[in-house]
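Mapping the sequence shown onto UniProt numbering, position 443 (from 1) lands on 443, and the numbers just tick up by one.
First comes the structure, then the notes that go with it.
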Amino acid sequence: MEYFKSSILKSVLGSAPVGNEPSGADTVERLVDRLQSSTLLNDRRDACRALKALSRTYRVEVGAQGMDALRQILEMDRTDCEIIALALDTLCNITNPKTFDEEINNHGPNNKIGEQFTEIFIKDTDSVGLVLALLEEFEFNVRWLALKLLMHLSTNRLKDMQEIILIRPMGVGKLMDLLGDSREVIRNEILLLLIQLTKGNAYIQKIVAFDNVFDRILDVIAQEGNAEGGIVVEDCLLLMLNLLRGNISNQNYFKEGSYIPKLTPMFQIPSGIDDNAWSPQKVSNVHCMMQVIRALVAPSGPAQTVANCQRIIRACGLLQALCNILMASGVPADVLAETINTVAEVIRGNTNNQEFLAGVMAPSNPPRPAIVVLLMSMVNEKQSFALRCSVLYCFQCFLYKNKVGQSQLIQTLLPQGNEVPSLTTGQLLCGALFSSDSLSNWFSAVALSYALIDNNTQKEQMLRVHLATNIGKPPVTLIQQCVMLLQQGNKTQCKLGLLMLLCRWTADCPAAVKAFLDIDSSVPYLTALLSSQENNDDLQETLLQSMCAMLIGLCVHFNDNTVSNYTKEKLCDLIENRIGLEGFQDAIGGLARHEIYSKTLKHPQPSAKNPSELLLDHEFCRLSKTLEGVITKLVPDGSSLHHKNQITTPILPDSVLVSQYEEVIRKQDLQIQKLSQIMESLVKEKHELEAQMHDLRSTVSYLKDQNLVLRAAQTNLLSEDTVLNEKNETDLERKLKEKSGELEKLKKDQENLLELLTDQDSKIILYKEKLAALGEKVETDESSVELDTDDQPESSNSVDRID
Numbered sequence: 001m002e003y004f005k006s007s008i009l010k011s012v013l014g015s016a017p018v019g020n021e022p023s024g025a026d027t028v029e030r031l032v033d034r035l036q037s038s039t040l041l042n043d044r045r046d047a048c049r050a051l052k053a054l055s056r057t058y059r060v061e062v063g064a065q066g067m068d069a070l071r072q073i074l075e076m077d078r079t080d081c082e083i084i085a086l087a088l089d090t091l092c093n094i095t096n097p098k099t100f101d102e103e104i105n106n107h108g109p110n111n112k113i114g115e116q117f118t119e120i121f122i123k124d125t126d127s128v129g130l131v132l133a134l135l136e137e138f139e140f141n142v143r144w145l146a147l148k149l150l151m152h153l154s155t156n157r158l159k160d161m162q163e164i165i166l167i168r169p170m171g172v173g174k175l176m177d178l179l180g181d182s183r184e185v186i187r188n189e190i191l192l193l194l195i196q197l198t199k200g201n202a203y204i205q206k207i208v209a210f211d212n213v214f215d216r217i218l219d220v221i222a223q224e225g226n227a228e229g230g231i232v233v234e235d236c237l238l239l240m241l242n243l244l245r246g247n248i249s250n251q252n253y254f255k256e257g258s259y260i261p262k263l264t265p266m267f268q269i270p271s272g273i274d275d276n277a278w279s280p281q282k283v284s285n286v287h288c289m290m291q292v293i294r295a296l297v298a299p300s301g302p303a304q305t306v307a308n309c310q311r312i313i314r315a316c317g318l319l320q321a322l323c324n325i326l327m328a329s330g331v332p333a334d335v336l337a338e339t340i341n342t343v344a345e346v347i348r349g350n351t352n353n354q355e356f357l358a359g360v361m362a363p364s365n366p367p368r369p370a371i372v373v374l375l376m377s378m379v380n381e382k383q384s385f386a387l388r389c390s391v392l393y394c395f396q397c398f399l400y401k402n403k404v405g406q407s408q409l410i411q412t413l414l415p416q417g418n419e420v421p422s423l424t425t426g427q428l429l430c431g432a433l434f435s436s437d438s439l440s441n442w443f444s445a446v447a448l449s450y451a452l453i454d455n456n457t458q459k460e461q462m463l464r465v466h467l468a469t470n471i472g473k474p475p476v477t478l479i480q481q482c483v484m485l486l487q488q489g490n491k492t493q494c495k496l497g498l499l500m501l502l503c504r505w506t507a508d509c510p511a512a513v514k515a516f517l518d519i520d521s522s523v524p525y526l527t528a529l530l531s532s533q534e535n536n537d538d539l540q541e542t543l544l545q546s547m548c549a550m551l552i553g554l555c556v557h558f559n560d561n562t563v564s565n566y567t568k569e570k571l572c573d574l575i576e577n578r579i580g581l582e583g584f585q586d587a588i589g590g591l592a593r594h595e596i597y598s599k600t601l602k603h604p605q606p607s608a609k610n611p612s613e614l615l616l617d618h619e620f621c622r623l624s625k626t627l628e629g630v631i632t633k634l635v636p637d638g639s640s641l642h643h644k645n646q647i648t649t650p651i652l653p654d655s656v657l658v659s660q661y662e663e664v665i666r667k668q669d670l671q672i673q674k675l676s677q678i679m680e681s682l683v684k685e686k687h688e689l690e691a692q693m694h695d696l697r698s699t700v701s702y703l704k705d706q707n708l709v710l711r712a713a714q715t716n717l718l719s720e721d722t723v724l725n726e727k728n729e730t731d732l733e734r735k736l737k738e739k740s741g742e743l744e745k746l747k748k749d750q751e752n753l754l755e756l757l758t759d760q761d762s763k764i765i766l767y768k769e770k771l772a773a774l775g776e777k778v779e780t781d782e783s784s785v786e787l788d789t790d791d792q793p794e795s796s797n798s799v800d801r802i803d
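Here it is as structure tokens:
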């Protein structure tokens, strides 16, 4: 290679004197000068070839001295594909984001030489325009190297390149045209470039989507073999994912364009009997396929758009295909977990889809509902953590706004008469509460709490559940068992799960509060944990205290005063005396200050990477956020009211005191009810306004897209009109010249005619004067008159009348 380089340099520069070898910078300078000053194309081509050979070793020198000359080549020598390819290849080396091994003054793999030269190159936006224009050249090396250079520029300065391409006329369109190139290398390179350019730029995403890209992508995926295809399939799916994720306008276009049913063949995956059926590339492809579906039904999307996508996914058989993968054998654990997450979001909040999953049966002996099989995996400590978390998420989505599913779960915990016993969801979850695995305890407690969300009927029904603990001992209620496990367990993760279940159970349910307070050791245990000052720096212990405070606060807020030892006032006094109002408020507010709380609140799917991080649940965090302010204010108010009544007791008679006390309580209850109603009304109004806002945003986004498309079309039309106008103007000029010539000729003829007429008039006047002098009758233009000869002077010569 070095011999080749030196041969090129000698052929271009000539032999250097012995002992006076030029340095790299000198050589580059002479080559650049030759490139700029040579009039012969062959000389410039040889100089460019030599610069390309040096551009890896002397990248800084070539870039600093030769970039302008190379840019000039792109502009002036477009007719010669060979020199254009050499210039593009040299620019690719200069702007390469990676570091070459042979590079002089190598500063390590993280140097930013390529990025710095990229900044210099794109400072003049016409430079990018020159490269884009070269994409129209069909010659392979020119088109391929132009794409490669654009990829380097986009990798180094993505936002700048996105802005430049957006303002270039038909900049994105030129890239989209290359998707139809029959050469796979070009097609694959443009896919990579589009993936890069569509990252985080909604405008480019919309332009690409509205340029029929989904049809082209799906065609490529089908040609490559769908999930069984190679990395090109993954690239196509990544581009599709960039266009759909978080882009409501593109999601609506995808949905309305009937593209969702076209995804179904991709999910027709035959089940394998061993791991050999799933190559690493197939696993990557299926992961991307699942991500595309989840982008359409993400919980953060507009409710109406998500519901429409969920309906279409079920109607076109895509949900059935997902369930087939779910129940297939030989599916890798990570693919199975992602499939469960996808099914979860497809059924979330959709009654028909939830019923569909409830009816899916696993191919086991005997056949069991798929939900039961999934929960068996969740409470099995031998399964992978990611898989168990995905099952919990799926179960959460299955019960989300599903009153029937919640009721059916609680019914499996109640006596069923003489029916044949079978393994049910309720039995699985309650059994896992007794497991020695703290993670299984946490999963089961949280899963049971999902059956109680916004469902006070099931909260009261679950109070009827009794569990048999030991042979010969009477059964205990489920709430008693939860309190007993809370006190006996020494694993904080298990305690956190049980506290979340109890908080959900007692929220807005006075009957559950009464049942909890009736347990003698319940309140003392909570106050003991809250008043303890040990391990305050430990995250799990801090969370434990915060959740204990939340549970006591709920017992105050939803207390109907039927438990005489723990009325609202007595609980407030207990909090003030044993814990302190400041300590209680700090414990309640401390929950929201933890990073894990905000992280869990963002998304309903569990985000923990390992079992020790799984401490809070999304639905519990939502409950805490809703009631935190009410509880924080309620306890101090109840305590101060009680003190006020105690101060006035010695002064007022008993009958008056009782009357006033009852009136105060009555007013408080009415106020609380009124505030609760107002809060519910405001929350409902907020949801309605958010829905309207999402719809309006979607409409505005759609209109912007239409405006963008119309502008692009208008630009094309204006360009065509300009050409047509220029052509017409050449013709509004030729005809004018012709008509002008004819007009000049007519004017000249008219002038000649006028001269003749003037001469004739002069002669006629002369003849008339002569005739008049002779006494003849002469006709004028106005009227015919006869000259009176008697009026003529006598001296005039008389002439005989001519008969």
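We put the CB at the ideal spot given by N, CA and C, even for glycine.
In this text, all values refer to a predicted model and were calculated from it rather than measured experimentally.
Beta-carbon separation (whole angstroms), residue i vs residue j, contact threshold 8 Å
i: Leu-91; j: Arg-49; result: Not confirmed; about 14 Å, so no contact.
i: Phe-558; j: Thr-506; result: 6 Å
i: Ile-207; j: Val-232; result: With 8 Å as the limit, Ile-207 and Val-232 do not qualify as a contact, their Cβ atoms being about 23 Å apart.
i: Phe-267; j: Ile-260; result: At roughly 11 Å, the Cβ-Cβ gap does not stay under 8 Å, so Phe-267 and Ile-260 are not in contact.
i: Lys-262; j: Leu-218; result: 5 Å
Assigned exposure category for residue i - 16 Cβ within 10 Å defines buried
i: Glu-576; result: buried
i: Asn-441; result: buried
i: Leu-757; result: exposed
i: Glu-75; result: exposed
i: Lys-473; result: exposed
i: Lys-735; result: exposed
i: Ser-521; result: exposed
i: Pro-650; result: Because Pro-650 sits at a pLDDT of 42, beneath the cut-off of 50, its placement in the model cannot be relied upon, and the point is left open.
i: residue 804; result: Residue coverage of the chain in this structure runs from 1 to 803, which leaves residue 804 outside it and unanswerable.
i: Thr-125; result: exposed
i: Pro-369; result: buried
i: Ala-528; result: exposed
i: Met-693; result: exposed
For residue i, three-class secondary structure by DSSP
i: Val-683; result: helix
i: His-466; result: strand
i: Arg-348; result: coil
i: Thr-57; result: coil
i: Ala-362; result: strand
i: Val-476; result: strand
i: Arg-314; result: helix
i: Pro-265; result: helix
i: Arg-368; result: strand
i: Asp-617; result: coil
i: Asp-454; result: coil
i: Val-185; result: helix
i: Ser-624; result: helix
i: His-594; result: coil
i: Gly-257; result: coil
i: Thr-79; result: coil
Check whether residue i and residue j have beta carbons under 9 Å apart
i: Ile-269; j: Ala-227; result: yes
i: Leu-179; j: Val-128; result: no
i: Glu-189; j: Leu-147; result: yes
i: Ala-515; j: Thr-457; result: no
i: Leu-554; j: Cys-503; result: yes
i: Leu-591; j: Ser-564; result: no
i: Asp-617; j: Thr-632; result: no
i: Leu-423; j: Leu-448; result: no
i: Tyr-525; j: Val-483; result: yes
i: Gly-317; j: Thr-264; result: yes
i: Leu-158; j: Leu-197; result: yes
i: Arg-143; j: Ile-94; result: no
Exercise for review: Taking 8 Å as the threshold, find out whether the segment 337 to 344 comes into contact with the segment 384 to 398 through three or more Cβ pairs.
Suggested key: Because the criterion of three Cβ pairs below 8 Å is met, the segment 337 to 344 and the segment 384 to 398 touch.
Check your understanding: Taking one C-beta from the segment 538 to 552 and one from the segment 569 to 587 each time, how about it: are there three or more such pairs within less than 8 Å?
Key -> yes
Review point. Three or more beta-carbon pairs under 8 Å between the segment 693 to 706 and the segment 235 to 250, yes or no?
Key: The segment 693 to 706 vs the segment 235 to 250: in contact.
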